[in-house]
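Chains as they are written, first to last, in my numbering: chain S, -11 to 139; chain V, -11 to 139.
Number of protein chains: 2
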Amino acid sequence: MLEDIDARIANELAADGRCSYTDLAERVGLSVSAVHQRVRRLEQRGVIRGYAARIGGEEIGLPLTAFVSLTPIDPAAADDYPSRIAHLRQVEACYSVAGVESYILKVRVPTPSALEALLAQIRAAANVSTRTTVVLSTPFEDRPPLVASQA
Amino acid sequence: MLEDIDARIANELAADGRCSYTDLAERVGLSVSAVHQRVRRLEQRGVIRGYAARIGGEEIGLPLTAFVSLTPIDPAAADDYPSRIAHLRQVEACYSVAGVESYILKVRVPTPSALEALLAQIRAAANVSTRTTVVLSTPFEDRPPLVASQA
DNA sequence: GGTGAAAAACATAGGGT
DNA sequence: ACCCTATGTTTTTCACC
């Protein structure tokens, strides 16, 4: 599926998303145009889904992170919770999970009272009960996965 | 703290980490060099912590994501759990949380049995008990936070 | 798949307002 | 803080292997 040089390219870009093709080419030992072509293919195949700047939460006034677990109140309701919640931009991620609860959300807000308001919006928008776990600190986050070759 | 144009630059780069300075300059209505200077300052201030390619888990043979909650077995033990776990590369994130449990980890593995092995490693390395919630699907993830100005 | 070369676009530094 | 200009680098395409 994923060949060795492609894996190395993906790892490099996961660690440094703005790395130039020229640098990449040197590191993996190919010409610039070959690397360029491979990167485009990786993007098409969905191995690389996009590029993002990692933003420091505290520096932009969103120091409070929390995980919010959702339990549907009406078990017979339609299963479109994600779409009911996606418009809330403070919700950074939404996972459907196997467990007592149905979804886990990751949220980022400026203050405890903003969290309170957001929880009310979530409950209202999706007809769910919530259980919230506040993040105290983040020793590490967003570590790039080890892309291994499997050709 | 964070001025309007800086906020827009941060938002653009959060959404498209490989956007050129030329494009950025057009979008925010400044000269290329002014934008370049601002980006450097945002990086120095920690607003922008780095750049990363977003990698598709299924496409690289890591289709199984889970959240693992940790409870210390010896409540008197030293509080260096993150450093005991950081060497396990399947652990993508580590959060210290307020709740029944002490930490939440996000992990990505190829198979259920790799998850089993990883959990054993986590328990052995940190002397903790674990509770695992398997992710079934990910409606969305890594949405860029809304960087708001607060000058 | 890969290379190499040429044109266009871009990044970067310096001096001026 | 910003703009402009000049220079070197990078991206991107294309013809060829």
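Think of the CB as a built atom: it goes at the ideal place given N, C-alpha and C, for glycine as much as any other residue.
It should be emphasised that the depicted structure is a prediction, and the values quoted were computed from it without experimental measurement.
For Thr118 (chain S), the enclosing beta strand (DSSP E) has its first and last residue at Val116 to Phe128. Proximity of Glu47 (chain V) to chain S, defined by a Cβ-Cβ separation below 9 Å, is satisfied.
Under the three-state reduction of DSSP output, Ile61 (chain S) falls in the coil class, being neither helix nor strand. Asp62 (chain S) and Asn115 (chain S) have their C-alpha atoms some 7 Å from each other. By the beta-carbon neighbour count (other beta carbons within 10 angstroms, threshold 16), Glu80 (chain S) is buried. A check of alpha carbon separations from Pro60 (chain S) across S:Pro70, S:Asp4, S:Val97 and S:Lys94 identifies S:Pro70 as the nearest. Arg(-4) (chain V) carries a helical assignment under DSSP once its states are collapsed to helix, strand and coil. Contact annotation: in the segment 106 to 125 of chain S, residues whose CB is within less than 8 Å of a CB in chain V are Thr121, Val122, Val123, Leu124 and Ser125. Ser84 (chain V) sits in a strand when the DSSP states are folded into three classes. Excluding sequence positions up to five before and after Val122 (chain S), its CB lies within less than 6 Å of the CB of Ala54, all in the same chain and listed in chain order.
Secondary structure of Ala3 (chain S) (DSSP, three-state): helix.
Membership of Val95 (chain S) in the beta strand (DSSP E) is indicated by the continuous run Tyr91 to Val97. Ile73, Ala74, Arg77, Gln78, Val79, Glu80, Ala81, Cys82, Tyr83, Ser84, Val85, Ala86, Gly87, Val88, Glu89, Tyr91, Ile92 and Lys94: these are the residues of the segment 72 to 95 of chain S whose beta carbon lies less than 9 Å from some beta carbon of chain V, given in chain order. Residues of chain S with a Cβ closer than 7 Å to the Cβ of Arg33 (chain V) are, in chain order, Glu47. With a cut-off of 8 Å on Cβ pairs, the segment 101 to 114 of chain V is not in contact with the segment 123 to 137 of chain V, counting fewer than three such pairs. When the alpha-carbon of Gly38 (chain V) is set against those of V:Lys94, V:Arg28 and V:Ser101, the nearest one is in V:Arg28.
Counting of Cβ neighbours within 10 angstroms places Gly34 (chain V) among the exposed residues, the total staying below 16.
Below the 7 Å Cβ cutoff, chain S contributes Gly49 as neighbours of Gln138 (chain V), in chain order.
Secondary structure note for Ala139 (chain S): it is in no beta strand (DSSP E), with a DSSP letter that is neither H nor E. With fewer than 16 other Cβ atoms inside 10 Å of its own Cβ, Arg77 (chain V) counts as exposed. Within the segment 11 to 44 of chain V, those residues whose Cβ lies closer than 8 Å to any Cβ of chain S are, in chain order, Arg33, Gly34, Val35, Ile36, Arg37, Gly38, Tyr39, Ala40, Ala41, Arg42, Ile43 and Gly44. Pairing Gly5 (chain S) with Gly44 (chain V) gives a Cβ-Cβ distance that is not under 9 Å. Scanning its chain for C-beta atoms nearer than 7 Å, with the 5 sequence neighbours on each side dropped, one finds around Arg15 (chain S) the residues Glu0, in chain order. The DSSP-derived three-state label of Ala22 (chain V) is helix. Contact annotation for Glu104 (chain S) against chain V: no contact, minimum CB-CB distance about 15 Å [criterion: below 7 Å].
Looking only at V:Leu107, V:Val97 and V:Gly49, the smallest Cα-Cα distance to Ala(-5) (chain S) is reached by V:Gly49. When Cβ-Cβ separations below 9 Å define contact, Glu129 (chain S) makes contact with chain V. The shortest CA-to-CA distance from Pro127 (chain V) to any of S:Ser21, S:Cys7 and S:Val85 is the one to S:Val85. Taking 9 Å as the CB threshold, Thr53 (chain S) lines the interface with chain V.
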